[in-house]
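Data block below; observations after.
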Amino acid sequence: SSTMEVGNEEKHANAEFIVKACNAHDELVEACKLALEFFTALDIKQKTISGLSLELNEALQKAGS
3 SSTMEVGNEE
13 KHANAEFIVK
23 ACNAHDELVE
33 ACKLALEFFT
43 ALDIKQKTIS
53 GLSLELNEAL
63 QKAGS
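The numbering of the sequence shown is the working numbering, which starts it at 3 and goes up by one.
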């Protein structure tokens with residue numbers, strides 16, 4: 003019967019590990035989503051900034067000519 007108990011303890015430990023792993027996975031997925039949102043927003047800002055700098059450049063060239 004002692005072998006049965008060890009088997010059950012192992013199964014229990016595995017189940018706990020799986021639950022913890024799934025929770026960690028969910029947190030990781032959330033973190034990845036947040037990172038994606040952040041970098042997408044950053045990318046949009048950078049495009050806006052480079053667009054503005056292009057416009058400023060053109061305006062300066064027109065003013066200088």
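By construction, the Cβ of each residue, glycine as well, lies at the ideal position given by its N, Cα and C atoms.
Neighbourhood of residue i by C-beta, 7 angstroms cutoff - its chain only, sequence neighbours within 5 removed
i          : result
residue 49 : none
Local conformation of residue i per DSSP, three classes
i          : result
residue 83 : Shown here, the chain extends from 3 to 67; a query on residue 83 therefore has no answer.
Contact set for residue i: own chain, Cβ-Cβ below 8 angstroms, skip 5 residues either direction
i         : result
residue 9 : none
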